[in-house]
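Participant: Got a structure for you, questions after.
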Amino acid sequence: MAYALQQLINGLTLGAVYGLIAIGYTMVYGIIGMINFAHGDIFMVSAFIAVTAFTLLAAFDITSLPLAITAVLIVAIFFTSAYGWAVERMAYRPLRGSTRLAPLISAIGMSIFLQNMVQLTQGARVKPIPPVIEGGIVLWTTPDFTVQIAWTQILIILVTVVLMVAFTWLITQTSFGRQQRACEQDSTMTALLGINVDRTISLTFMLGAALAAVAGVMVTVYYGVVDFYIGFVAGIKAFTAAVLGGIGSLPGAMLGGLLIGLIESFWAAYLSAEYKDVATFAILILVLMFRPSGLLGRPEVEKV
Amino acid sequence: MSAVIVARHARTPTERFKDAAWVAFVALLLGIPMVGMTTVDQGGALVVTTRFGVLAAFVAASFAGRFAFRWVMDQYRTRRDAKSTTVKVDRTAKVVQVLGWGILGVALFLPAMYSDNRYVVDTATTVLIYVMLGWGLNVVVGLAGLLDLGYVAFYAVGAYTYALLFTHFGWTFWEALPAAGAMAATFGILLGYPILRLRGDYLAIVTLGFGEIIRVILVNWTELSNGPNGIGSIPRPTLFGLPFERNPAEGEQSFATFFGLEFSGMHRIIFLYYLILVLALLTNLFVSRLRKLPVGRAWEALREDEIACKAMGMNVTNVKLSAFAIGAMLGGFAGVFFAARQGFISPESFTFSESAIILAIVVLGGMGSQMGVVLAALVLVLLPELGRNFAEYRMLLFGTAMVLIMVWKPSGLLSSREPTIRLAKASAMGGQK
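Those sequence lines, one after another, are chains A and B.
For the first sequence, the positions run 1 to 304 when UniProt numbering is used.
For the second sequence, the positions run 1 to 433 when UniProt numbering is used.
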């Protein structure tokens with residue numbers, strides 16, 4: 001029981017990170033209908049920015065924890081959004097309106113580019129940083145097992161919840177959110193109503209990148225190591241999460257992320273760590289067999 | 001949208017300068033965290049080092065590059081606008097045909113020209129493997145319009161089927177080839193069945209997941225696949241039972257002794273080259289014939305409109321499954337050849353990036369175009385080879401090239417597709433076309 005509780009905590013933490021990345025996939029998919037394969041690598045770029053920023057702060061002897069984390073978050077969000085914007089502008093915007101596969105290939109190319117760019121400029125080695133936050137709260141002690149929630153886990157879950165609330169508010173209540181949803185439904189009509197569709201799409205990419213940046217900082221704090229390859233795995237998992245929840249649906253992305261996180265940690269804990277990816281994908285296939293548009297996705301109504 | 005861009009007036013130098021300055025600013029923003037700074041391990045702790053010189057060079061290069069690019073593009077545009085807008089006759093089909101025969105000719109005589117250059121023949125063999133894989137995937141993606149991101153799984157199934165059949169039952173290449181094809185086709189149906197109802201991008205992630213599942217199983221099921229260590233000493237194919245060995249077994253003949261030639265390692269390389277050439281050409285023939293059969297037409301109809309297909313009473317299930325099965329089978333054949341050529345296989349050869357490259361070959365070539373696959377395979381395999389001198393930047397260039405080719409030609413290098421059926425001239429005149 002105690003063991004299961006610990007897995008639940010770990011799974012939720014992992015799921016929160018996946019969910020944050022998944023939202024980037026789902027938003028981009030919703031608005032221009034493409035899989036942004038480079039999104040995982042955007043997340044990886046932000047993790048590297050976080051490593052540099054943490055190291056810089058340490059060099060300047062800034063030890064106040066809230067200050068350091070806020071500063072790193074701001075820096076990472078700023079630069080990563082710039083990356084998100086640039087990727088969209090260079091690789092996807094020229095391809096808008098062409099076949100569905102063209103942006104996909106362009107995105108795969110972008111992903112290869114980003115991975116190798118980081119490998120070249122930042123080095124191929126794993127980057128470890130000293131633990132930023134140590135310790136945690138012991139929740140429950142049984143004779144043979146201690147359930148503990150680390151401060152980093154609390155931080156990740158808190159930040160995710162806060163972001164989710166802010167994000168839901170942004171999408172449902174603000175004028176930007178209205179524009180964004182309008183573009184999702186019918187971008188031509190939206191353009192006719194005088195809304196700058198290009199700008200909205202750019203902002204969507206930046207927003208997705210910003211959430212990935214937060215995820216990147218959180219992962220850096222949580223695991224303490226980054227390398228140029230983390231984007232690939234995290235990207236695939238997050239994309240799976242987005243599809244599982246129903247691509248295009250924001251609550252779906254979060255739900256999918258949590259589910260994938262939980263499945264992974266429970267599978268690894270009770271069955272076998274090697275086959276956790278198989279389990280993730282097998283469950284995805286099973287879910288899609290019965291609900292072809294994901295858990296919370298609206299089925300596509302096709303008119304002839 | 002594009003019409004608006006073309007109609008834009010020619011830029012003044014000031015505008016060009018502003019544009020380039022903006023690009024330089026973005027380059028600066030992007031460059032600061034990645035180019036300008038890096039963390040280095042110093043005695044166990046990371047230390048930030050700055051490279052502002054490199055950053056400045058990077059920004060300057062972006063500025064100059066953008067400025068020059070804009071200038072060239074504007075020149076090109078004004079010149080193009082000045083020219084009379086006579087309708088160009090589309091000769092692409094003819095050119096492609098000539099090009100195809102030309103490439104085939106070169107392919108046939110390549111080993112003769114480079115009979116002592118192992119590197120060239122080896123590289124050409126690699127190109128041909130990708131051509132074959134591209135033609136196989138073309139059935140699924142190009143003809144049937146089903147996005148498959150896990151094609152490498154079938155390649156792996158083919159390769160492992162041969163490797164396992166050999167290690168456990170001693171099957172030779174020629175015996176294993178059909179078996180592996182059948183095995184891969186079975187896997188194709190296995191994958192195809194649960195995802196019949198899915199479309200578009202759901203299909204993409206499921207196929208991607210399937211590819212990963214196969215790879216993870218190959219890595220972890222050590223009893224079956226020997227895990228990450230892979231399977232080695234897979235025998236090379238023989239020519240009608242004649243092996244390509246220096247010292248054939250007692251009482252048997254090798255290729256060299258049978259033909260009374262002096263033994264040379266190149267014989268095998270050249271034989272492998274011709275083998276994959278024949279396999280690839282057979283694939284091409286097979287696929288282009290299939291296109292003219294009802295099943296091939298059904299694929300293309302499915303790609304264009306699934307609902308219309310259903311309305312016409314087509315069995316969509318069978319059409320999709322046949323596309324998956326045949327695409328997978330061709331991938332399986334390529335896999336057997338790959339295993340036989342390398343003599344050693346491990347899960348590392350069957351990662352997602354391999355799938356991505358094969359898909360890129362199909363899409364860059366122009367979906368559904370057989371010749372396009374050849375061109376794209378040439379570009380994508382030779383580009384990293386040419387870049388071997390600056391090995392570090394190889395994959396960087398590869399990614400850049402993928403983006404640039406796509407942006408330059410969004411529908412692929414050869415996008416003009418030959419219609420499968422043509423109306424006869426007279427009826428075409430009568431119709432609306």
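Every residue, glycine too, gets a C-beta built ideally from N, C-alpha and C.
Note that the structure is predicted; figures quoted are calculated from it, not measured.
#1: Residues in the stretch 106-128 of chain A with C-beta within 9 Å of chain B's C-beta atoms, listed in sequence order?
#2: Assuming the contact rule is C-beta atoms closer than 8 Å, A/A212 and A/F43 should be a hit. Round their C-beta distance to whole Å, please.
#3: Tell me whether B/L128 is buried or exposed, calling it buried when 16 or more other Cβ atoms sit within 10 Å of its Cβ.
#4: I want to verify the contact list: residues of chain B whose CB lies under 9 Å from the CB of A/V225, in sequence order.
#5: Between B/V316, B/R388, B/I357, B/V381, which has its C-alpha nearest A/S106's C-alpha?
#6: Would you say B/Y202 faces chain A, with C-beta separation under 8 Å as the test?
#7: Any idea which residues DSSP pairs A/K127 with across the strands?
#8: Could you list which residues in chain A have their beta carbon closer than 9 Å to that of B/G170, in chain order?
#9: Excluding the 5 residues flanking A/M1 on each side, which residues of the same chain have their C-beta closer than 6 Å to its C-beta?
#10: Taking all protein chains shown into account, decide if B/K18 is buried (16 or more other Cβ within 10 angstroms of its Cβ) or exposed.
#11: Any beta carbon from chain A within less than 8 Å of B/S346's own beta carbon?
#12: Step through the CB atoms of chain B and report whether any lies within less than 8 Å of the CB of A/Y270.
#13: What in chain B is Cβ-close to A/Y275, meaning under 7 Å?
#14: In terms of DSSP beta bridges, what is A/F145 paired with?
#15: Here's a check: name, in chain order, each residue in its chain whose Cβ is nearer than 8 Å to the Cβ of A/V225, leaving out the five neighbours to either side.
#16: Is the beta carbon of B/W135 closer than 8 Å to that of B/V373?
#17: With 8 Å as the threshold, decide whether the Cβ of A/L158 is near any Cβ in chain B.
#18: Would DSSP call A/V132 helix, strand or coil?
#19: Just to confirm, is the Cβ distance from B/S233 to B/G335 under 8 Å?
#20: Would you kindly check if the distance between the Cβ of B/A323 and the Cβ of B/L198 is under 8 Å?
#21: Any C-beta of chain A sitting closer than 8 Å to the C-beta of B/R388?
#22: Flag A/T174 as yes if its beta-carbon sits less than 8 Å from any beta-carbon of chain B, otherwise no.
#23: Could you pull the start and end residues of the alpha helix (DSSP H) that A/T121 belongs to?
#24: In whole angstroms, what is the alpha-carbon distance linking A/R291 and B/Q42?
#25: Should A/G261 and A/A242 be called a contact, given that it needs their Cβ atoms to be closer than 8 Å?
#26: Mind checking if A/V51 is an interface residue toward chain B, Cβ cutoff 8 Å exclusive?
#27: Which residue's Cα is closest to the Cα of B/A159: B/Y76, B/A176, B/E223, B/R80?
#28: From B/L146 to B/K320, what distance separates their C-alpha atoms?
#29: Can you name the residues of chain B whose CB is closer than 7 Å to the CB of A/I35?
#30: Are residue 446 of chain B and B/G36 touching if we call contact CB-CB under 8 Å?
#31: Going by C-alpha distance, which of B/V216, B/G368, B/A360 is nearest B/G230?
#32: At the level of alpha carbons, what is the spacing between B/M266 and B/S115?
#33: On the three-state DSSP scale, how would you describe B/D41?
#34: Which of the three DSSP states, helix, strand or coil, is assigned to A/A273?
#35: For B/F210, which residues of its own chain have a beta-carbon under 7 Å away from its beta-carbon, when the five flanking residues on both sides are left out?
#36: According to DSSP, is A/F290 part of a helix, a strand, or is it coil?
Facilitator: The structure says:
#1: S106, A107, I108, G109, M110, S111, I112, F113, L114, Q115, N116, M117, V118, Q119, L120, T121, Q122, G123, R125, K127, P128
#2: 4 Å
#3: buried
#4: Neighbours of A/V225 on chain B: none; closest Cβ ~11 Å, over 9 Å.
#5: B/I357
#6: yes
#7: A/V226
#8: Residues of chain A passing the Cβ test: none, with the nearest at roughly 30 Å.
#9: none
#10: exposed
#11: no
#12: no
#13: V216, N220
#14: A/T142
#15: V126, K127, P128, I129
#16: yes
#17: no
#18: coil
#19: no
#20: no
#21: no
#22: no
#23: 101-122
#24: 52 Å
#25: no
#26: yes
#27: B/A176
#28: 8 Å
#29: D201, A204
#30: In the structure as shown, chain B starts at 1 and stops at 433, and residue 446 of chain B therefore has no counterpart that could be examined.
#31: B/V216
#32: 7 Å
#33: strand
#34: coil
#35: G150, A153, L191
#36: helix
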